[in-house]
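Written out below as C-alpha cells is the structure these notes cover.
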Amino acid sequence: MSGLLPEDVSLAVPDIALGLALLTAAGCALIPRSRLALAAGFLSLGALTALVWLRLDSVDVGLAEAGLGGGILGALLVWLAIRSPHSPAPDSAETISTTQPTSGTRRTSRPILNPRTLLGCAAGAVLGGGLCLVWFQVLHALPAWSEPLEEQMETTGVTHEITGVLLAFRAYDTLLESAVLMLAGVAVMALGRDGGLHQLSLPQPEVPSALRWLVRLCAPVLLLAGLWLLFAGSSDSGGAFQSGAVLCSLLILLRTAHALPSRERTEPWIRPLLIGGVVVFILAGLVGPLLADPLLSEAWLSWQPQWATAAVLSVEILLTIGIAVGLFLMYLTLENPEGVQ
Amino acid sequence: MTDLIPSAVLPWIPLVMVVLSLAAAVAIFPMGERRVRLRSWVNLSAAVAKVLLVVLLVPAVVAEGTRPEFSVPFLPLGEGESIDLVLRVDPLALFFAGLSALLWLLTTIYAIGYLERGSDRSRFFGFFSLCVTATVGISFSGNLITFLVFYEILTLVTYPLVAHWGDEKSLRAARMYMRYALSGGVAVLIGVIWLTMYAGPVDFAEEGGAEGVAALAAESPGVAVTIFVLLVGGMGVKAALVPLHSWLPSAMVAPAPVSALLHAVAVVKAGVFGIVRVIDDVFGIEVAEELGVLGPLLAVACFTVLYGSYQAMRQTELKKRLAFSTVSQVSYVVVGVSMVSALATAGGVVHLVHQGIMKITLFFCAGLFAEVIRAHTIGELRGAGRRMPWTSAAFTVGALGMIGLPPTAGFVTKWQLGLGALDAGQGWVVLVLLGSSVLNAAYFLPVVWMLWFAEPEGESGEAPDAGASDEAPQPEGEPQREKEPGALVVPAVITAVATLAVGLGAALSFAPLQVAEAIAEAVFR
Amino acid sequence: MTELLFALSFLLPAGAAAAIACAGLLSPSTAHRVRRRAGLFAPSAVLPAGLLALSGEAELELPWLMLGSTAAVDALGRPLLMIAVLLYGAALSSITWLKLRDAERGSGALSAWLLVCFCGNIGTYLAADLVSFYLAFAVMSFAAVGLVIHYRDAAARRASRIYLFLSVFSETLILAAVVLLGSALLAPSEAVDPEFDDGGAPDAQESLLLEHVPAAVMDSPHTGLILGLLLVGFGVKAGTVPLHVWLPLAHPAAPPAASAVLSGAMVKAGLVGWLRFLPLGEDGDAGARDAVEIAAWALVAAALTGAFLAVLVGVLQKDPKVVLAYSTISQMGFIAALVGVGLLVPELAALTAGAAVAYAVHHGLAKGALFLGVPVVKHYGHGRTGVLVLLGMAGAGAAVAGAPFTSGAFGKYVSKEAVEGVTVLGVGLEDILPWVATGSTLLLLRFGWVMWQAERAPRRRADGELLSWLAVCAAGIAVPWLIGAQWMPEEELPAEPPTWEASVLWDAAWPILAGLALGGAVWALAARGLLPDWASRADGTVIAPGDLIVAEESLAVRAASGTVRGVEAAHRGLEDRSRSAAEALLSAGRRVRSWATRAETRLSAWETSGLVLLMVLAATALMWWWG
Amino acid sequence: MTTAEFSLAGIVLLPLLASAVAVLLGSRVRAVLGILTALLICGLCTAVLIQTAAGGITELALGGYEAPLGIRLRADGLSALFLCLSAVVGTVVSAHAAILPASAGHPGFWPLWLGCWSGLNAVFVSGDLFNTYVGLELVGLTAVALVALGGRDSWMPALRYLFVAVLGSLLFLVGVGLILAAAGTLDMEQAAQQLAETPEAHAAAVFALCLMSVGLVLKLALMPMHRWLIPAHAGAPGAVSPLLSALVIKAALFVILRLWLWVMPLDATTEAETGLAEGLSTALTALAWTLGGFGALAVILGSVMALRQDRLKPLVAYSTVAQVGYWFLFLPLLLDPEAGALEGQPGTTLAEDAVLSGALSGSVALALGHGVAKAGLFLAAGLLKELWGTDEIESLRGAGRRHPLLILSMGLCAVGLIGLPISLGFTGKWHLATSAVAAEHWWIIAVLVLGTLLSAGYLLRGIAPLLLQDAKDPQDQEHDAAQDADASAESPRRQRLAEVPAFVLGLLTVLTGFLAVGIDALMGVGAPW
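Protein chains in written order, with our numbering: chain A, -7 to 333; chain B, 861 to 1385; chain C, 5 to 631; chain D, 98 to 626.
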C-alpha cells in the first residue's frame, strides 16, 4: 500500500479530490431517475475522467476521452434525454442496443434481479477479472521497437511517434481500420432506408430553446477541438480517429438543434466524403511504387520524404472526414432502429 | 498382331476407353429430350468403338502379354512420391472390360427401345454412360486406389439410375442402395488406407499378389486379416454377399435396363471383381490361404449361394426372383476364387462373364414381359410363351443356363467349379453347387413352365388352323401374338445366343473359359 | 464324309425343329404352310444318322465344341443308333405323313420336340466324352417334356410335372457323378501319366473320353458314391423301381408316337449311361470292389423287383398304353438285371453288356411297334387291314414276350447265356429270368384284351401311320437278327449262336405257354365270376397308374413342406432377431437425435451460447492453470 | 518489388479501393466493377501462386519498414492455397451475383463483399499478428453486414453474429497483446523465433494461444459455440451464404493454423530437452485434445442435426458446422510425441514428419475442398430458394425436373462434402486417415467413417427429394413452369445462366481432386518442419 501513496500527502490532496469528484459524478450518472440528470451526470463524469488522464500526463488519452466520452456519448445521451425525458424503463437499454428485439425475450415487467442478469454480470466480472489477472501476470516485456522507431522517425514526415506508427510504420493497419469504419458506414447505408439518411427527412421533436442555445455555443468549440486534434496529430498526440469522433459529435449536436441540411441536400456529398479518405490513402500508397525508379521498386504505402508530409496530411484530413461521416451515419441509423427500413 | 495397334498408342488405350464413355456422357447431358436420334447415335457409336477397342486389345494382351499402362499422380505420399491413378490392362481387366463393353452396347440398344417414350432420357443415358465409364475404370484399375476411386464413382452414378422413376419407392430403394454402397466403400477405403500405411502403395500383381502385402502378412497376420476382412467385406456389399445383400432386391424398382446393367455388369460385378482382385492380385492366393481367410469366405459365399436361391424361391415377383438369383449366382465367383485351385479360380473368373450374359438375358426378358404384357409376377406369365415366343425362348435359355444345364454357359461354370472344388479338396462345395442347381431349377423351371405350358387365363375359342383330331382333347384357343419391340428383343436374343455360344465354344481360343484359365494359371504361377 | 454325316445327323433334325419353331414368326397361314412342309420333311431328317449307323464305326473329334468333344459310333452305340433312327423315323412319319384333316393338332410342335429328342437321344449313343454325353442326356431329358405334355390336359400336366421333377433329380445326380468323374479323369493325367508330361498342358479332350471312365470309377476314392449316383441317376431314365413312376404316367399321357420313342429309345439312354459309366469288367482294389458288389446287388434286386412287380400292377390296368408302360418297366428290369450281373461278375461283363444291347434293340423295336400300333388298331383294326394289323400286333407281342423264332427269343437266349451261373437267393438267375417272359405274356394278353375291347374309329386309306407301323414291325423282325449277326463284336456274344433245336425252342416257349395258361385260367375264372370284383373289373383304380407315385409324391410333399416350414421358421426367427436389433439401433439413434435437438434448442438462446463460451474459456484457463 | 510482391499488397488494397469506389456507382456498374476486380484478384493471385509454386516465399515489407516496426506481408504455401480458394470461389460467386442481382440482396452487396474479400486476402497474406486482427475485423464486420442484407429476418442473426465476431476478435486481441508482451514483437516469424528462444515466455504464449484459439473457434463455430452460424448462414442472401461458409470462416481457420503451427514453439514440445515445461506441454495437449474432441463432436452432432432439418439452407449450414469439426481432428496428432508410431517400423516407407505434414495437408485439403463444395451447394440452395420462393425440402420436390443442371451441381458438391473420390474432400480424408493410421489414432478413423456416412445421409436427404417426379401430369407442370417464369422477375434465360456458376463450382469440386499432389507440394513451401 505504501508504494501507492506519495511521500508528501499534501501533494495527493488534489488527486484525492479529483477521485472523490469522479465518484460523485459516477453516482450522479447512475442514481437519478431523470434522463436529463443522468445525461448531465455522465457528461461531468466524462469531463472529470479527461482531467484524470491529464493528471496522469496522458494528454492523448485525455483528449481522446474528452472527444469520445464527452463528445459522442454526451451528444447521444442528450439526444436520448430529449426524445423521452421520463425515467428509463427497465428494458429500454435493450431496445436501444438491439435492432430488432425478438418477441420472445420481451416481457412487460421483469424483476430487476433476473437470474440471467445476475449471471451476465457475474460472467462479465469473472471475465474482466480474469483478463486483468492475466495481464498483470505476463506484463513484463517491453516492445522491441523503441530503438528502430526513433531511428526511422526521420523518414516518416511526421514528428510524433504515435502518429508515425499510425501513418507510416503501421499505415497499413490504419488503412484497414479506416476501411472498417468506412464499410460500417456503407453497411448502414445499405441497410437503412433511403441510403441510411431516412432519419434526416423525419420530423424532429421540439427541443428546449436553452438547449438550442447551448448547442450553438458548443458547436464552434467542438469544431475547433476537432481540427486541433487533427492538426496536432502530426506533431503532437491526436489524429484522425479522435478528430473524427469529435466532429461526429458536432454533427449530432447540430442535428439535435435542427441545424443540418435536409436529406436531399445531404445525399450527394455524403458518399464521396465517406470513402474519400480510404481511396486517397490507397492511391497515395500506390503513388510511391508508381513514381519509383525503376518502376515498382518501392513497396506499397511508402512515400518519399519530400512529399510525405503533404500526403500524410491530406490523407488524414480526408480520413477524419470519412470517419466523422461514417460515425454519424451509424448514429443516424441507431437513432431510431425501428424505423430504418 | 501388334501391327493392329502401334506400341506408342498402346498405353493410351485404357485412358481412351475410359474417356470414351465419359465423353459420351458429357455430350449427352446437355442434349434436348427430343433429340433421340443424335443421342442414340452418340451412344451407340461410343459403345461400338469400345467393343472394337477391346477386340483390338485382346491379342496383344492375352496372347503377347503386353500390359498397356497409363498413370497420373493422384495422392502424395511424402518425399515427392505419390500414389498414382493407374490404368493397366491385364487379362483379367480385359476380361471384365470386354464384358462391360459388349453388354453396354446391347443394353444401350435395349434402353433406347425401352425408354422410347420415357422422360429424362438425356439424364438417364448420361448417367448410363458414366456408369460404364466407372465400370471400365474399375476393370482397368492398376492399384487399389484407382479401384477405389472408380468404385465410389460407380456408386454415385448409379444412384440417379436407380432413382430414375422418381417416385417414393425408387428413392427409398436408391437411398438404401446408397447407404449400403457407401458403407461398403468406406470399409474399403479404410482397408486401403491401412494397407497403404503398413505395406506401402499396392499395385495389383498378376502373379501371386503384392510383395508388401506378403511381408505384412508374414509380420503381423492379425493386421493383414483385418485388412482383408475390411476390403472383402466392403466389396461384399456390392457383391451382395449374404448379410449385406438387402439393397439388391429393393433396387429392382429401377428401369429394366438399369437392373440388367446393375446385376450383370456394373455394380454387383464390380464388387466381385474387386474381391477377385483382392484375393488374387493383392494378397495373392497363397498368402490368403496362409492367413486362413479363404475358408470363412468360402463358407459365406456358399451360404450366399444357397440362401439367395432359397429367397428367390420365396418371391412371386419376377424381378425380385431374378434379383435374389443374382445374389446367389454372383457368389459363385467368390466361391471359385476362394478355393485354392487353378481350376476353381478359372471357374470363378469365367463366371464373371457367364453370369453377366445369362443374367442380362433374364433381365432383358423380364423387362420385356413387364413392358409388353404388363406381367410382373410369375402368375401373370401364364401362357406368355405363345404371346411372346422370342422373349420366352430367350428367357428359357437364360434360365436353363442358370440351372447349369449344358450346353449353356452356366454348365461350364458349374463344371469348372466342381472340378476345382474337388481339386482343392473341398468336396462339400460340389454339394452346394448341386443344391444350388436344384434350387435354381426349383425356381426357374416353374417360370419356364408358366411361359410355355400353363394355359393363359381367360383364353378360349376355337383353334384357327388344323382340324381337330378326334384323339386330341379340345384344343385351347391360340392366344394372340404380341408385338415384341425389336430394340428390346434383339439384345435379349443376342445374349441368349451368346449364353449358348459361350458354352458351346468354351474350348476355342480367346473364349472366356480359355482366358479365365490363363488368368488362373498366372495366379498360381 | 463321316464328318459330314455326323454333322448332318444332328444339324438336319435340329434345323427342321428350328424351322418349325421359327415359323411362328411368319403370318399364321404361312407359318402353317412352313410347319407342314417341315413336318413332311422331318422323317427324312433322321436319315443321315441311319446312314451313319450303317456305315460302320467312326469317330469325330471337335476340340472347339464345349470342353472338347468327341463323337463316335462304336459297337455299343451303333445298334441303338439304328433302332433310334427307325423308331424316330416311324414316329415322325406316323404323325406327319397324314392327310391334313387327320393330323394331330399341333403336330408341328410334336415333330419339333421329337426331332430335338432325337438329337439328344442319338447324342447319348454317339457321345464319346463325358461332357457331350451329359449334354445329350440333358437335351433328351428336357426335350421329352415337350412330348409328354403335348395334349396339355390334366393328366399330361401331372405326368410332365412328375417327369420334370424326376429328370431334374436325375440330372443333378448325374452332374454330381460327372463332376466327380471329371475331376478323377483330369487329376491323375496331370500328375502321373508320363505321356502328357512332355506335351505341356494335359489334353483335356483326351482325358475326358468316356472310355477312361470305368477305370476312373474304380480308381476314384469315391467309388461307392459315384456308383450310387450313377445307378440312381440313370435308373430314373431306365425306369428302375422305385424310380419308374413317371413311365406309367407319361406313356398314356403322351401321343402314341411319343410313347413309342420314349419307351423304345429313350429309356435305353439310361442303359447306355450304365454301360458306358459303370466299371463293367474293371478290376480295382478291395474297397472299390466291395462298393461295386454292393451296388451290383442293389441293382439286381431292384431290377428283379421291377421285372415282376410291374406285371402284377400292369395286369390290373385298363389303359392299353399303361399296360405297355408296365411291360416296359418289366423288360427294363430284365435288362438292368443283366447289367447288375455284369457289374457283379467282371468276367461276365462283356457278355451281359452285349446281351443287354441285344435285348434293348429287340425290345426297342417291338415295344415301339406296339405303341405305334395303338392308334393303328383304332384306325385300321377292322376289315381287310384288320388282319394285317392283328398279325403285326401279335408278332410284335410275341417278340416282346420272347416267343421262339422272334427277335425276343434271340435276346432272351443271349441273356440267359450271359448270366449263366449267377445265383440270387440260391436260385440261378438263368432260372429266374424266363419267368419275366411269363409276366410279359400276361401283360400282353391283358393288352390284347384291352385293345380288343377298345372302340374303333375307322379310317379309309392307308397313310403314314399304318405304313410306318408296318415298317417298324418289319424292322422288328429283321433288324435284331441283322445286328446280332453282323454288328455285335465277338466277345460280347455267347460262344455259340442260337440254334433252333428243340431244347432251345422249349426254353423259349415254356414261359410263354405258362403265361398263356395262367392267362387262360384267369379268363376262365373271370368268366365264371370267381374272381374278386376288383380283379375282374380291373380298371386301374385298384392300383393307380404310377403305383408308388402316390406314396412317393406325398412323401416328397411332406418332406418338402417340412423342410420349408423349418427353414421358414429359422428365417422368420432370424429376421425377427435382426429386426429387433435394427429397432434397438434405430431407437438409440432416435434418442441421440432428440437429445441433440434439445441441446440445440437450448443453445439457440443467447445466454446459453454465452454460458457455453464462458465454460470453454474457464476450462481452457483451468487447463493452463494446472498444466 | 517483384510482381508477386506487388500482388501481395495489391490483392488486399485493390479490392479495397474497388470497394470504396463501388460506393459511388450505380448498381449495374457495381456488378461490372465487381467482376473486373474479381478478375484482377485472380491475376494477382496467379502471380503469387507462381512464385510460391516455384518454392519461394513471397514477402513484402510495407512502406519499406521492416518488422518489428513495420508490417510484413508474407505468403507461403498455406497462404497461396487459401488465396487461391478465395480467388476462385470469390470470382464464381461474384459472377453469380452479377448474373442474378436478386441473389445479392442489395446493391450494397458489392462494396461490402469487395471489402470482405480484401479483408480475407489481408488475413491470408498477413505476417503480423495485429494486422491479422485488423483483417479479421474487416472480414467480420463486412460479413455481418452481408448477412444483414438478407432482410429484416436476418437482422437478429446478424446482430448475434456481430456479437460473436466482436467477442472472438476481442479474445484474439487479448492474445495478441499477451504475445506482444511475451515476445516483444507482432511479427509472426520473429515472435515464433523469440518464443522458441525464451522459455520463460512460454507460459504467456500458451495462455495467449488458449485465448486466441477460443476466440477464433468462436468465429469458426466449432461445436458447442456454433449456434450463431445456423441462422446467420441460412438467413443470408443467396450469394452471401456461399461466401460466408466457404471463405469467411476459413479466415479464422487460417489464423488458427498459423498460430498453432507457425507461431507457437511446438517443435519444442516434441523434442523434450529444449521444450516447454512439462506442465505447459500438458496444458497444450489438453487444449489440443479439447479442440479435437469438439471437432469430433461437431462432426457427429452437426451431421445428426443436419439430418433433422426440413429446409435446405439450414441443412447446408449444419453441414458446415459438421465439416468444421474435421479441421480440428488433427490437433491431438500434432502434439502426440508418438505420432510417428509407424515411421520407424520396418516395411513402411514413411518419411520423417510425414505423419504431421500429412495430417496438416489433409486438414487443409478438407478445408479447401469444403470451400469449393460448400460454396457450390449454398449457391444452388440459394438459387432454388430464389426461384421457388422457399427452401423447404418438401415444397421443392421435383425441382430436379426443371433445373437438372442445378441438381447435378448439388450432387457434385455433395461428392466433395461427403469426401468421395475424386474430390479434395476425399484427398483430405485420405491424408488425415493415413496419418491417423500411421500414428495409431483410431478414433480419428471412427469419426471420419461416421462423419462420411452421416454426411451422405443428410445430403441425400436434402437432394434426393428434388429428384422426385411431380405427381402432376407433365402438361400441368409445363403450365406451372410457364407461370413461375412469368411470376419471377428475372428472365428464364438469366435463370439458366445463373445455374452455371454453381455448376462450375460443382465441377471444380470434382476436378480439384486431381490437384492433391500439387497441394501437398505447395503445403511444403514454408512449412514449419
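Backbone N, C-alpha and C define an ideal beta-carbon position, used for all residues, glycine too.
Handout entry: Cβ neighbours of G121/A in the same chain (closer than 8 Å, five flanking residues each side left out)
Key = Taking the first sequence and counting its residues from 1, one reaches residue 121/A at position 129. Excluding sequence neighbours, G121/A sits near nothing in its chain.
Exercise for the section: Can you give me the Cβ contacts of M322/D inside the same chain, cut-off strictly under 6 Å, excluding the 5 residues immediately before and after it? Expected result: Here the question's residue 322/D lines up with position 225 in the fourth sequence. Around M322/D: L315.
Exercise for the section: Identify whether M(-7)/A lies in helix, strand or coil by the three-state DSSP scheme. Expected result: On the first sequence, residue -7/A is found 1 positions in, with the first residue counted as 1. Because the pLDDT at M(-7)/A is just 41, under 50, the model does not fix this residue reliably, and the value given afterwards should be weighed accordingly. Coil at M(-7)/A, not helix or strand.
Practice task
Mind checking who E489/D pairs with in its DSSP beta bridge?
Solution key: Position 392 of the fourth sequence, counted from the first residue, corresponds to residue 489/D. In the DSSP output, where bridge partners are listed per residue, E489/D has R408/D.
Handout entry: 7 Å Cβ cutoff, Q572/D in contact with chain B
Key = As a working mapping, residue 572/D is identified with position 475 in the fourth sequence. No answer about Q572/D holds up, because its pLDDT of 46 lies below 50 and its placement is not dependable.
Exercise for the section: Name the residue from S1106/B, T1237/B, A1356/B whose alpha carbon lies nearest to the alpha carbon of R1039/B. Expected result: The residue given as residue 1039/B occupies position 179 in the second sequence. Comparing Cα-Cα distances from R1039/B to each of S1106/B, T1237/B, A1356/B, the minimum goes to S1106/B.
Handout entry: Closest residue to A536/D among P165/D, S454/D, A336/D, L377/D (Cα-Cα distance)
Key = As a working mapping, residue 536/D is identified with position 439 in the fourth sequence. Looking at the Cα atoms, S454/D is the closest of the given residues.
Handout entry: For D944/B, the first and last residue of its enclosing beta strand (DSSP E)
Key = Within the second sequence, the letter at position 84 stands for residue 944/B. D944/B -> beta strand (DSSP E) spans 942 to 948.
Problem - contact_flag[the region 1287 to 1296 of chain B, the region 153 to 167 of chain C] where n(CB pairs < 8 Å) is 3 or more - result: no
Handout entry: C-alpha distance - A1034/B paired with V109/D, whole-angstrom precision
Key = As a first step, residue 1034/B is located in the second sequence; it is residue number 174 there, counting from the start. As a first step, residue 109/D is located in the fourth sequence; it is residue number 12 there, counting from the start. For the pair A1034/B and V109/D, the Cα-to-Cα distance works out to about 47 Å.
Exercise for the section: Would you decide whether I298/C is buried or exposed? Buried here means 16 or more other CB atoms lie within 10 Å of its CB. Expected result: Translated into positions along the third sequence, residue 298/C becomes position 294. Its Cβ having fewer than 16 others within 10 Å, I298/C is exposed.
Handout entry: F1370/B in three-state terms, based on DSSP
Key = As a position in the second sequence, residue 1370/B is number 510, starting the count at 1. In this structure, F1370/B counts as coil in the three-state DSSP scheme.
Practice task
Just the C-alpha distance for A11/C and W485/C, rounded to the nearest angstrom, thanks.
Solution key: Translated into the one-based positions of the third sequence, residue 11/C becomes position 7. Translated into the one-based positions of the third sequence, residue 485/C becomes position 481. Going by the C-alpha atoms only, they are around 29 Å apart.
Problem - Best match in M86/C, A329/C, D133/C, R40/C for proximity to A548/C [C-alpha to C-alpha] - result: Along the third sequence, one-based indexing puts residue 548/C at 544. Looking from the CA of A548/C, the closest CA among M86/C, A329/C, D133/C, R40/C belongs to A329/C.
Problem - Reduced DSSP category for D1063/B - H, G, I as helix; E, B as strand; rest coil - result: Looking up residue 1063/B in the second sequence gives position 203. Correct three-state label for D1063/B: strand.
Problem - Same chain only: Cβ atoms within 6 Å of A398/C, ignoring 5 sequence neighbours per side - result: To locate residue 398/C, count along the third sequence from 1; it is residue 394. Closer than 6 Å at the Cβ level, and outside the excluded window around A398/C, lies no residue.
Problem - C-alpha distance - A249/A paired with W205/A, whole-angstrom precision - result: Taking the first residue of the first sequence as position 1, residue 249/A is located at position 257. Taking the first residue of the first sequence as position 1, residue 205/A is located at position 213. C-alpha separation (whole angstroms): 9 Å.
Practice task
Determine which residues share a DSSP beta bridge with L64/C and list them.
Solution key: Counting from 1 along the third sequence, the entry for residue 64/C is found at position 60. Answer is A75/C, bridged to L64/C.
Practice task
Tell me, to the nearest whole angstrom, how far the beta carbon of K1098/B is from that of A1041/B; I am working on the premise that it is less than 8 Å.
Solution key: Counting from one through the second sequence, the residue named residue 1098/B turns up at place 238. Counting from one through the second sequence, the residue named residue 1041/B turns up at place 181. That pair is a contact at about 6 Å.
Handout entry: Beta-carbon gap between W1250/B and V1357/B smaller than 7 Å
Key = In the second sequence, counting from the first residue as 1, residue 1250/B sits at position 390. In the second sequence, counting from the first residue as 1, residue 1357/B sits at position 497. Contact flag unset, no.
Practice task
Please check if any C-beta of chain D sits within less than 7 Å of the C-beta of D165/A.
Solution key: Here residue 165/A is taken as the residue at index 173 of the first sequence, counted from 1. For D165/A, the answer is yes, since a Cβ of chain D falls inside 7 Å of its Cβ.
Handout entry: Beta-carbon contacts of T995/B that lie in its chain and below 7 Å, excluding the five residues immediately before and after
Key = Walking along the second sequence from the start, residue 995/B turns up at place 135. For T995/B, where only same-chain residues beyond five positions count, the Cβ hits under 7 Å are S960, L1014, V1125, A1126, A1130.
Practice task
Using a Cβ-Cβ cut-off of 7 Å, state whether H203/D counts as contacting chain A.
Solution key: Locating residue 203/D in the fourth sequence gives position 106, where the first residue counts as 1. Chain A, which has a Cβ nearer than 7 Å to the Cβ of H203/D, makes this yes.
Exercise for the section: State the start and end residues of the unbroken beta strand (DSSP E) segment that holds S98/C. Expected result: Taking the third sequence and counting its residues from 1, the one referred to as residue 98/C is at position 94. Unbroken run through S98/C is the alpha helix (DSSP H), 81 to 100; no beta strand (DSSP E).
Handout entry: For E505/C, the first and last residue of its enclosing beta strand (DSSP E)
Key = Locating residue 505/C in the third sequence gives position 501, where the first residue counts as 1. Neither: E505/C is in no beta strand (DSSP E) and is coded neither H nor E.
Problem - Contact belief for V614/D with P936/B at Cβ below 8 Å, rounded distance in angstroms - result: Working through the fourth sequence from its first residue, we reach residue 614/D at position 517. Working through the second sequence from its first residue, we reach residue 936/B at position 76. Correct: roughly 5 Å between the Cβ atoms.
Practice task
Would you list the residues sitting across from S931/B in a DSSP beta bridge?
Solution key: The sequence position of residue 931/B within the second sequence is 71, counting from 1. Answer by DSSP bridge pairing, in chain order: V946/B.
Exercise for the section: Indicate whether at least one CB of chain A lies closer than 7 Å to the CB of E587/C. Expected result: Numbered from its first residue, the third sequence carries residue 587/C at position 583. No, no contact with chain A.
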